[in-house]
Each structure stands twice: as C-alpha cells, then as structure tokens.
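Enquirer:
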Amino acid sequence: MNDNLNKILNQYSNQISLLTSKAELENIRVELLGRKGIINELFQNIKNIAPEERKNYGSELNQLKTELENLISQKSATVTSTQQISVSDQKSIISLPKIGHLHPITQTEEQLNNLFRSLGFSIYDGPVIVTDEYNFERLNVPANHPARDMQDSLYIDEPQYLLRTQTSTIESYLLEASKDKLPIRTAFPGTTYRNEKVNRSNHFIFHQYQAVVVDKNITMKDLIGTMDLMFKTLYGPDVVVRYRAKYYPEVEPGVGPDMQCFKCHGQGCPLCKHAGWIEMGGSGMIHPKVLANAGIDPKEWRGFAFGMGLDRWTMAQNNIHDIRTLLGGNLAYKPSAK
Amino acid sequence: MKLIYSHLKKFLPSLDIAPQNLRDDLTMIGHFANYYEKLPDNDFIIDLDIKANRGDGLSYYGLARDLSVYYNIPLVSPIDPDFNIPASDYQLPISVTSPDVRRVMALKISDTQVQTSPQWLVDFCNLHNIHSVNNIVDLTNYVMFMYGIPNHAFDAGITSDSLIWENNQGKNSEFTTLDGTALKLSSQNLVISNPTEVLSTDLVGGKKSGINNNTNQIILEVAVYNRVRIRKDSKELKTVTEASTRLEKDLDSNLIPTAMNYLASLIISSSGGHISSQLYDYYPQVESESEIEFDLNMPALYSGIDIPTDFSLQVLKQLGCSIENINNTTVQATPPSIRKDISLPEDLVEEVVRFFGYNKIPSTQALSPKTLPDITPGILYLNLFIKKELAQLGYDEIRSWPLIKQESLIPNLIPQDSEPVYTQNSINSDYPVLRTSIISSLKSQQDQYQRFKVPQVQFFEIGKVFNQSQGQYHENYSLGIYDSNQSQLSSNLEKLSDRLKINGGNIQSYNDQTGFYVEINLDELVKSVDLAYIKDQPKSNDHENSGHSVELTSQIITLDANIILDQQQDPRELIKEYSQKIGENLWQLIISDIYHDPKSDKYRYTFRASYYNIDDKTAKDIHLTVFNLK
Numbered sequence: 195m196n197d198n199l200n201k202i203l204n205q206y207s208n209q210i211s212l213l214t215s216k217a218e219l220e221n222i223r224v225e226l227l228g229r230k231g232i233i234n235e236l237f238q239n240i241k242n243i244a245p246e247e248r249k250n251y252g253s254e255l256n257q258l259k260t261e262l263e264n265l266i267s268q269k270s271a272t273v274t275s276t277q278q279i280s281v282s283d284q285k286s287i288i289s290l291p292k293i294g295h296l297h298p299i300t301q302t303e304e305q306l307n308n309l310f311r312s313l314g315f316s317i318y319d320g321p322v323i324v325t326d327e328y329n330f331e332r333l334n335v336p337a338n339h340p341a342r343d344m345q346d347s348l349y350i351d352e353p354q355y356l357l358r359t360q361t362s363t364i365e366s367y368l369l370e371a372s373k374d375k376l377p378i379r380t381a382f383p384g385t386t387y388r389n390e391k392v393n394r395s396n397h398f399i400f401h402q403y404q405a406v407v408v409d410k411n412i413t414m415k416d417l418i419g420t421m422d423l424m425f426k427t428l429y430g431p432d433v434v435v436r437y438r439a440k441y442y443p444e445v446e447p448g449v450g451p452d453m454q455c456f457k458c459h460g461q462g463c464p465l466c467k468h469a470g471w472i473e474m475g476g477s478g479m480i481h482p483k484v485l486a487n488a489g490i491d492p493k494e495w496r497g498f499a500f501g502m503g504l505d506r507w508t509m510a511q512n513n514i515h516d517i518r519t520l521l522g523g524n525l526a527y528k529p530s531a532k
Numbered sequence: 156m157k158l159i160y161s162h163l164k165k166f167l168p169s170l171d172i173a174p175q176n177l178r179d180d181l182t183m184i185g186h187f188a189n190y191y192e193k194l195p196d197n198d199f200i201i202d203l204d205i206k207a208n209r210g211d212g213l214s215y216y217g218l219a220r221d222l223s224v225y226y227n228i229p230l231v232s233p234i235d236p237d238f239n240i241p242a243s244d245y246q247l248p249i250s251v252t253s254p255d256v257r258r259v260m261a262l263k264i265s266d267t268q269v270q271t272s273p274q275w276l277v278d279f280c281n282l283h284n285i286h287s288v289n290n291i292v293d294l295t296n297y298v299m300f301m302y303g304i305p306n307h308a309f310d311a312g313i314t315s316d317s318l319i320w321e322n323n324q325g326k327n328s329e330f331t332t333l334d335g336t337a338l339k340l341s342s343q344n345l346v347i348s349n350p351t352e353v354l355s356t357d358l359v360g361g362k363k364s365g366i367n368n369n370t371n372q373i374i375l376e377v378a379v380y381n382r383v384r385i386r387k388d389s390k391e392l393k394t395v396t397e398a399s400t401r402l403e404k405d406l407d408s409n410l411i412p413t414a415m416n417y418l419a420s421l422i423i424s425s426s427g428g429h430i431s432s433q434l435y436d437y438y439p440q441v442e443s444e445s446e447i448e449f450d451l452n453m454p455a456l457y458s459g460i461d462i463p464t465d466f467s468l469q470v471l472k473q474l475g476c477s478i479e480n481i482n483n484t485t486v487q488a489t490p491p492s493i494r495k496d497i498s499l500p501e502d503l504v505e506e507v508v509r510f511f512g513y514n515k516i517p518s519t520q521a522l523s524p525k526t527l528p529d530i531t532p533g534i535l536y537l538n539l540f541i542k543k544e545l546a547q548l549g550y551d552e553i554r555s556w557p558l559i560k561q562e563s564l565i566p567n568l569i570p571q572d573s574e575p576v577y578t579q580n581s582i583n584s585d586y587p588v589l590r591t592s593i594i595s596s597l598k599s600q601q602d603q604y605q606r607f608k609v610p611q612v613q614f615f616e617i618g619k620v621f622n623q624s625q626g627q628y629h630e631n632y633s634l635g636i637y638d639s640n641q642s643q644l645s646s647n648l649e650k651l652s653d654r655l656k657i658n659g660g661n662i663q664s665y666n667d668q669t670g671f672y673v674e675i676n677l678d679e680l681v682k683s684v685d686l687a688y689i690k691d692q693p694k695s696n697d698h699e700n701s702g703h704s705v706e707l708t709s710q711i712i713t714l715d716a717n718i719i720l721d722q723q724q725d726p727r728e729l730i731k732e733y734s735q736k737i738g739e740n741l742w743q744l745i746i747s748d749i750y751h752d753p754k755s756d757k758y759r760y761t762f763r764a765s766y767y768n769i770d771d772k773t774a775k776d777i778h779l780t781v782f783n784l785k
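Chain order of the listed sequences is H and V. So in the working numbering, spot 105 of the first sequence is number 299, and the numbers just go up one at a time. So in the working numbering, spot 166 of the second sequence is number 321, and the numbers just go up one at a time.
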C-alpha cells in the first residue's frame, strides 16, 4: 500500500481503537466512508493518478476501504460505556469513563438510611415551612419557654409560620399521622434552618438526622444500644461514646451522647474545648406530653427519639474546612472512573 | 456557670475529689463540664453548661444538692447558725404594684462601712468574670452565685426607703445602668423606683442609686419575678446580665429568706452596721408544689435495667421529696420547691436513673430487626432512584441554599398565579426569598464553577422549591439538571425516562450562554411512575463514588503536554500511569490527541492536565517534571 494510504490506515485505525461511543464511531464512519468521505474523495481523485499506476492504486484503495470497514464493524461490536467528550475544535479526546457523584451529605444520609432500613425502619419526611404549633408547641416548648432561646427561628409570617428549626418538627407530623398505626420505626434526614449569620464555621442551614420509635415497652437501653450502633456505623467500631443525662424539652429522660475526642483521646485539647469529649447530638425517651399532644396514650405507648447533626461529620470525612462548601459554593468533584 | 471547689465545699464540707473526677461526675448527672482549671492552694474551678430547665443549677447550692445525692454525703448550710434578723418597729414603706413580682424581701442596714472587698471575694468575682466594686456590691453577687437568687443593694441615703416595684408607666424613659449604659425604657418594663425616679430595672441596677464609698445605709432586696416579663425586658432592652440569666428561669421563691439571711449576715460581718428595719416580705401567692404519684418500678421499666425500688425511694428522699406511701411500690412524692423541673413521674424517672448511672445502661443492645409496614413516602424512593441514575450518567449532585437573592428569581419560572415566599427576619438579608425554581440554584452553582474554571461540569440537584397562592404556602421536590451539551442532556433525559419507564413528562427548560438547564416537578412525576418497580431497585449505597468531593480554594489550572513513545499504548493505561505521577493535586487528565509519525514510526500523545488547589507556579513545576519537559 502506498505511503499516503498507509498513513490514513494507521491514523484511523488508531483513532477507531480509541473510540468510546457509538455516536463517535458513526462520525468516523461518515468521515471515512460517507458519500463525501475521504475514501470516496480518493476514488474521485483516481483520475489524477498516472495511468500505469491507477490499477494498483485502485486495488490498494479498495483494500484500504475494506480494512477500514472491518475496523469499524469490529469496533461497533465492542463499543461500550466508555465516554467521549467534545472540545471546541471538535477533535476527539480521551478520558477515563466518568461517573457522577452523590453529594457527601446524601452519602452520609444513605449510609444511615441503609442501617435503619435493616432494622425495619421506614424513612420519613416532612414540610420545611411549618407552623409554630408543630415546631414548638407539640414538642413541649410553649411560648416564652427558655428552650426557644436555643433556636433563633427564621420566620416567614411571625409568629405563626417559620422554617423548621429541627428535625424533631418532622416528628410532630409523624406522630400525628401515625397515632392509629403504631408501632412505628422511622428515621429521617432533613435540612433545618436557624437565623444565624453565615461564615466559615456557621450556617443558617443544618443537616440533621433523626430516628423515632414508638412501641410498647421501649426502654433507654433500646435507645442507647441503637444510637451506639449508629455511631459505630459512622465512626467505626472503636469509637468511644458515653451517654449522660441531658435536657431537651421534647424528651424525658433526656440522654446526651458524647464522643471521646478523637484528637486527644479524652485528655482535653482545643478541638474538644478541653472537655475531652465532643457532644454528638440529643436524644431521650419521648416526653409523655409530646405523645399526648399527638393523640397517643403515653400510658400505653413509649418511644425514643434521637438526632444528630451531619455537617461536621461529613466535613471531617471529606476534608472540608468551610461549612459553606457543603451547600453549593466551591464544592466540586474530582472526575472519577467507572 | 463557674464552680470553685473551695466554695462548693461550704455546702459539702466532706467532699474530697479530684478535679477531673468532679468534672466527669457533674457531666454524667447532667451538668456538662467543659473544662477545669487549677487554682492556688489545691483549689480548682470548673466551667459548666447548665440545662435550660434547671434554674437551681445556676447556683452552688443547687449543684451541691445534686452532688450530695450522687456522693451520698451531707449537705450543710454555710449560714452562721447564730445569725438572726432581729425584731424592729420600723416597717419599710415599700409598695408593689406590678403583677410580675412573685416575691420580694427587703431589709435596711444602717451604719455600714463600704470598703474594698477582701482578697478572697475579689478573686471570686474575678473568677466569675464580674468586676469587683466594693464589699457590699461584691457580696450581693456572691450570694447570687451561691444561692442562685439575684438581689440588689440600694444606697438608702439616695433612694429614700420608699421603694416601689412597678411596671414602668411611662413617667421615665431614660435609665442609666451601674456601668453607665443608657437604656430606653418602655411602658411595661419592670422597674424599682421611688416616687421621683427609676432606681433599677429588673435586670440591672442604676448608676445613681449604687453603693459608693459614702454610703452608710443600705436597703437590700432579694426578689423573684415572672420569668416571661424578664425575658421580654431582656430582649427589649438588649440587656443580658447574670441576674437576668437566672431570673428568666423558674426560680424558687421559697429560697428568698435563706438568700436574704445569708446576704445580711455576710454584709454585717464584712461592713459592720446593724439591721434597722423589719424584714419586708411581699409574697402574694404562695406557690403550690407538684404532687406526683410514682411507681418505684418505673425507673427500671424505663431504663431497661434492674434498678431496685429501694434505690428509687432513697433518691427521692435525698432529693428532698416529701414522701407518702400509697402501697408497697407506689408513693406520692412532692418534690422540693427548688426543683421546678420536676412535675411528672417521668421527671422522677430521670432523677433516679441519673443518680443510678446512665453508664450502667449497656450500649451493646440495639433494637432487633422487626418487620413493620413501610411508611416511606414514594417521593423519597423516587428521589434516591433518580440521584443514582444521574450519577451513573455522569452527573454530580449538588446541594444549594433554598434561600436566594432577589435577583436570582427567574420570573418565567414562578408558577402561574403564585408568588415567591419571603423571610421576615433573616439576618442574611441578601438572601431573603425562597427559590421558586431549582434552576435559580443551579445557575448560581454554574457561576461558581465558572469562577473556579472547573472543566466539563454536569450536575443536578433535587430539593424543595416554594411559592404561595391564595393564602397557602406550597412546597414540592424539584429535580434540576445542568449540562453544557444540549444533545447530551436530551439523550440522558431519554435514558432517565427509559429507566423510570415513563414517556417524558412536564419539563421546564432554560438556557444561558454556558449551557442548558431542565427542571421537573417530582411531586407530579411520582404520580406517574411505577413505585413498586422503583422501590424494588437496590438500595445499597454506592460507596465507590465517595471520597471525590473537593473544597476548591483556587481556580483550576489546565496545561497541555506532548510525550513521544516508540510504541502505541493503551491511552487509558497512560492516563492512569501519569495520574499517579502527578499525584494529589490532579483534577483531571485526558489525552486530547494521538498522532503516529510514519517517518519516525513514533507515537505522539497530547495530554491535557488540570490541577487544583495549587498556584500557577506549583502547577507548572509539577507539569514540567511529570511530563519531562524541563
């Protein structure tokens, strides 16, 4: 085969071997074998070849065409999910086939959802725009209760409508909807909103995760054991968590889980504010008033609820130092291969 | 709340414990201790977070009561047992007109000598972040910390004895506090005044009537107010003090006589003088105490561990509950008035369990799996299904602020006959409105990616969008997708529809100079999908795509390089090889061209490498080294 035809064969056999999609293969086929393609053009130019060379050249050209057809045909059968992307000059470029990514918070939520599904929990959801009744009153936080100071609310129609300040608000809706369908086991991730300035370490949107169980004869032992399983799922089997008395108006008794500081191992350091422990969230046995507010008889049913924030954990897992990164901003994903 | 060991021991003289143990024990019984600090003479101080429902915990006395139960050691009074307030013919001409006063006691002491506080008192004030003023003022603060009941000393030579507790009637609007801060009073603020002027608010004393070196007669007052009034006044006057922090909790009016006794005895002991009035006591409605029928088995039933009924009964008694037996295992318990947080059997359960020890409840026995009806809303299954499908198609998930800038609203994407929803009190006032379309958020994200020069982005978000109409607020889940390549986006939407087994749907579209956006109302879509099929899909998490999120701190830098090879090589293997060489700052490596030179029979591979979170110079250095271009 003459040099020119050889060059075409080499160049295109290379390109064809690197193609990653059927669409791109089709483009190459048209470019080579289409009506206005290179091979047809070469056949049309055969009249410019010296007469004594035409026969041989024609034969080689047919050979080239056949080889290219074979290459395209073979490639057509093997093109899989490898990916081709285009650049502005329409040249083909090769990258490792890409998959997208779930957001780090979604990954953490799903990790927990999977755990709780395995224990027979449903995943639940609730509105973001809520009433004062469901966000506070039903959770044993009446107007002017000091606990309201723990949460600076973001109102859309004060005092009645606000953005939920906690995932416990979803619990209010859940308990009401489930009062005739007990027992229940539920877990729910959710965004919550506080009226706080946004900066590197504070945000007005928080990601929380909560679990709520109502059944007969539920105990603090069930609560602590289940919560501990959650922490071990997230932080690994060696995590040290202690459970202590803590106050939340919607539970009684209240339970506060603290994780031993992973940096100083309980000795005290700036990370744990020298306490040796890091507060992990809140929990407890559902307050009898909260059950009663939902129409559930607290003499017949007991329950537990626990919740924790996901932001700090997810940031640590993903080496994120600025909380603003979690929601838009400068969070991006390194392209990764399938 | 700060707690100095040596002063705690005034209530618990037999207490003998290392600082770390006291810190941990206080934490375990519900008073989270942040840290402790050693002080001279084997003393130490602990910093505590006190629970919002434990007003008594904002005092040495309240904490000592808990520790007395926990360590089973006696609680004693630090007040001189020989001290008594003597009888007097003189009645203070005090009047109380405000309904917000639950109880007030007042007493006049004459011939006092104001002087610098003794060093122990100066140290105490300093350690509690209070500026030492003089012996009388410092002792009022000392008693507030010791018993948790705020109190005040007036210079009776300035104020006269005719004190009035009233809600400001508007006769005074200006007030200057002890530290010189000017407050603007409103009509309902609770104040202490005399017939001519306001002397003090319920939160902080006034400059004019404060104790100074010339003071030789004082009126002491110890009071508890309606905590709702205190909260309102504190917010309205933007004033938070040690007194207001305590008064806005449910304090024990019955503790006022004790606090007054202690205060009077300390002041007379420190400044001399003598009591020159009857003890004034305004207590219009004696507060009732809860009576709780309590099954002593409840702590065991609630905790799930064996807690003997004898232990439960012992704790109730040590807490100071009055007990009447109903039967062998049931009692009627009346908690001490200082424990305003105890009103239900469950409150007593917590008391018993926390003194028994939360750490005795095993943490190894999670709920066993149980099959219950699945009440997961279908929309959650759909959301997860779509997220995973789009990730498989190469799209990255983003999450963004539902609150957006006014100018980010896209008028064409506000649903017909509806309006956006605005926040009323956001301190992030640049973002006042809830998004009506998720495309607003995607556009902001794309702006960010452009600023950071992120190459070839494809991303999506599933989140709530909001609007209001006819007096109702509405919210629904919405899917938004961005792609710079329209045909690719269309093709992927078809693939998604195929996977969802639906024929298209109601899709909103939008485009700008960078690319193409689509939005789908998922609450509508969920009505047309086969949920049984969606639910049946695997729910395990795809952890193979975790660990790739990056917090960008600077623009991505993209550089090209050619390498010449003797033989043709699998470009994917080359990408892997050079990716490893570049290391952690590589964002993406692609091969943009491959050329075979027939003359030399060599192959030229053109790489395009993108670097992140490093500066230009460092990126170039790495690039030149890795591709051997130096």
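Note that the Cβ used here is the ideal one computed from N, Cα and C, for glycine as well.
Within a Cβ cutoff of 6 Å, which residues of the same chain sit near Ile497(V), ignoring the five residues on either side of it in sequence?
Expert: These residues qualify, in order along the chain: Pro490.
Enquirer: How about the segment 200-216 of chain V and the segment 169-184 of chain V: do they share at least three Cβ pairs that are nearer than 8 Å?
Expert: These segments touch.
Enquirer: To which residues does DSSP link Glu494(H) through a beta bridge?
Expert: Answer is none; Glu494(H) lacks a bridge partner.
Enquirer: To the nearest angstrom, how far is the alpha carbon of Thr354(V) from that of His162(V)?
Expert: Inspection of the sequence shows that residue 354(V) is occupied by Leu rather than by Thr. Each residue's alpha carbon lies about 32 Å from the other.
Enquirer: Go through the segment 349-420 of chain V residue by residue and report every complete run of the alpha helix (DSSP H) that reaches 4 residues or more, in order.
Expert: With a minimum length of 4 residues, the continuous alpha helix (DSSP H) runs that stay inside the segment 349-420 of chain V are 382-391 and 397-402.
Enquirer: Whole angstroms is fine: what's the gap from Met421(H)'s alpha carbon to Val408(H)'s?
Expert: Roughly 15 Å separates the two Cα atoms.
Enquirer: Give me the chain H residues within the contact set of His703(V), using Cβ-Cβ distance strictly less than 7 Å, ordered along the chain.
Expert: Neighbours of His703(V) on chain H, chain order: His295, Tyr527, Lys528 and Ser530.
Enquirer: Taking 8 Å as the cut-off, decide whether the C-beta atoms of Tyr318(H) and Leu368(H) are in contact.
Expert: Contact: yes.
Enquirer: Please state whether DSSP places Phe400(H) in a helix, a strand or coil.
Expert: Phe400(H): strand per DSSP, three-state reduction.
Enquirer: Going along chain V in order, which residues have a C-beta closer than 9 Å to the C-beta of Gly172(H)?
Expert: Nothing about residue 172(H) can be reported from this structure: the residues present for chain H run from 195 to 532 only.
Enquirer: So which residues of chain V does Arg183(H) contact, with C-beta pairs closer than 9 Å?
Expert: With chain H represented from 195 up to 532, any question about residue 183(H) goes unanswered, as that position is not in the structure.
Enquirer: Taking Gly659(V) as the reference, which of Tyr665(V), Ile719(V) and Ser645(V) has the closest Cα?
Expert: That would be Ser645(V), whose Cα lies nearest to the Cα of Gly659(V).
Enquirer: With distances taken Cα to Cα, identify the nearest neighbour of Ser477(V) among Ser596(V), Arg401(V), Glu192(V) and Glu448(V).
Expert: Comparing Cα positions, the closest option is Glu448(V).
Enquirer: Name, going along the chain, the residues of the segment 319-348 of chain V whose beta-carbon falls closer than 8 Å to a beta-carbon of chain H.
Expert: Listed by position along the chain: nothing, the set is empty.
Enquirer: Throw me the rounded Cβ distance for the Leu677(V) and Ile617(V) pair, which I believe falls under 8 Å.
Expert: So it is a contact: roughly 7 Å between Cβ atoms.
Enquirer: Quick one: does Ile299(H) have its CB under 8 Å from some CB of chain V?
Expert: So, interface residue.
Enquirer: Output needed for Phe398(H): all residues of its chain with C-beta closer than 8 Å, excluding positions within five of it in sequence on either side, in chain order.
Expert: Cβ within range, chain order: Leu348, Tyr387, Arg388, Asn389, Glu390, Lys391 and Val392.
Enquirer: Kindly say whether Lys410(H), judged by its beta-carbon, lies nearer than 8 Å to any beta-carbon of chain V.
Expert: Judged by the 8 Å Cβ criterion, Lys410(H) is not in contact with chain V.
Enquirer: Report the option in Pro350(V), Arg382(V), Tyr513(V) and Val395(V) whose CA atom is closest to the CA atom of Pro447(H).
Expert: The option with the nearest alpha carbon to Pro447(H) is Tyr513(V).
Enquirer: Which residues does DSSP list as the beta-bridge partners of Asn242(H)?
Expert: Partner(s): none; Asn242(H) has no beta bridge.
Enquirer: Name, please, each residue of chain H whose Cβ falls closer than 9 Å to the Cβ of Tyr577(V).
Expert: Going along chain H in sequence order, the residues near Tyr577(V) (Cβ under 9 Å) are Ile350.
Enquirer: Since Met479(H) and Leu417(H) are thought to touch, with beta carbons under 8 Å apart, how far apart are those beta carbons, to the nearest angstrom?
Expert: That pair is a contact at about 7 Å.
Enquirer: Counting only the same chain and skipping the five closest in sequence on each side, list residues whose C-beta sits under 6 Å from that of Thr274(H).
Expert: Confidence at Thr274(H) is low in this model, with a pLDDT of 43, below 50, so the placement of that residue should be treated as unreliable; the coordinate-derived value is given next. Answer for Thr274(H): no residue qualifies.
Enquirer: Do you know how far the Cα of Asp351(H) is from the Cα of Lys537(V)?
Expert: Residue identity differs from the one stated: residue 537(V) is Leu in this sequence, not Lys. Straight-line Cα distance between these residues: approximately 32 Å.
Enquirer: Ordered along the chain, which non-local residues of its own chain (more than five positions away) have a Cβ less than 8 Å from that of Ala305(H)?
Expert: One point to set straight first is that residue 305(H) is Gln, not Ala, in the sequence displayed. Same-chain partners within the cutoff: Thr427 and Leu428.
Enquirer: Confirm, please, whether the CB-CB distance from Leu527(V) to Pro377(H) is below 8 Å.
Expert: A contact, by the Cβ cut-off of 8 Å.
Enquirer: Using CA coordinates, which residue listed in Gln469(V), Ala311(V) and Thr295(V) is at the minimum distance from Tyr225(V)?
Expert: Cα-wise, what sits closest to Tyr225(V) is Gln469(V).
Enquirer: Starting from the C-beta of Tyr251(H), find all residues in its chain whose C-beta is less than 6 Å away, skip the five residues before and the five after it, and write them out in chain order.
Expert: Counting only Cβ-Cβ distances below 6 Å, and skipping sequence neighbours, we find Ile243.
Enquirer: Does Thr713(V) come out as helix, strand or coil in the three-state DSSP assignment?
Expert: In this structure, Thr713(V) counts as strand in the three-state DSSP scheme.
Enquirer: CB of Met195(H) to nearest heavy atom of the ligand SAM: below 7 Å?
Expert: For the ligand SAM, the structure offers nothing, since it holds no ligand at all.
Enquirer: If you check the beta carbons only, do Ser272(V) and Asp293(V) fall under 8 Å apart?
Expert: In contact: Ser272(V) and Asp293(V) (Cβ atoms closer than 8 Å).
Enquirer: Tell whether a beta-carbon distance below 8 Å holds between Ile159(V) and Leu276(V).
Expert: No, these two residues do not count as a Cβ contact at 8 Å.
Enquirer: Quick one, which of Gln600(V), Gln625(V) and Thr519(V) has its alpha-carbon nearest Gln571(V)'s?
Expert: Nearest of Gln600(V), Gln625(V) and Thr519(V) to Gln571(V), Cα basis: Gln625(V).
Enquirer: As a quick exercise: from Lys230(H), Asn307(H), Lys249(H) and Gln301(H), pick the residue whose alpha carbon is nearest that of Gln511(H).
Expert: Checking every option, the nearest Cα to that of Gln511(H) belongs to Gln301(H).
Enquirer: Straight-line CA distance for Leu402(V) to Glu446(V)?
Expert: If I take the Cα positions, the gap works out to 25 Å.
Enquirer: What does DSSP give as the partner residue(s) for Tyr349(H) in the beta ladder?
Expert: Paired residue(s): Leu356(H).
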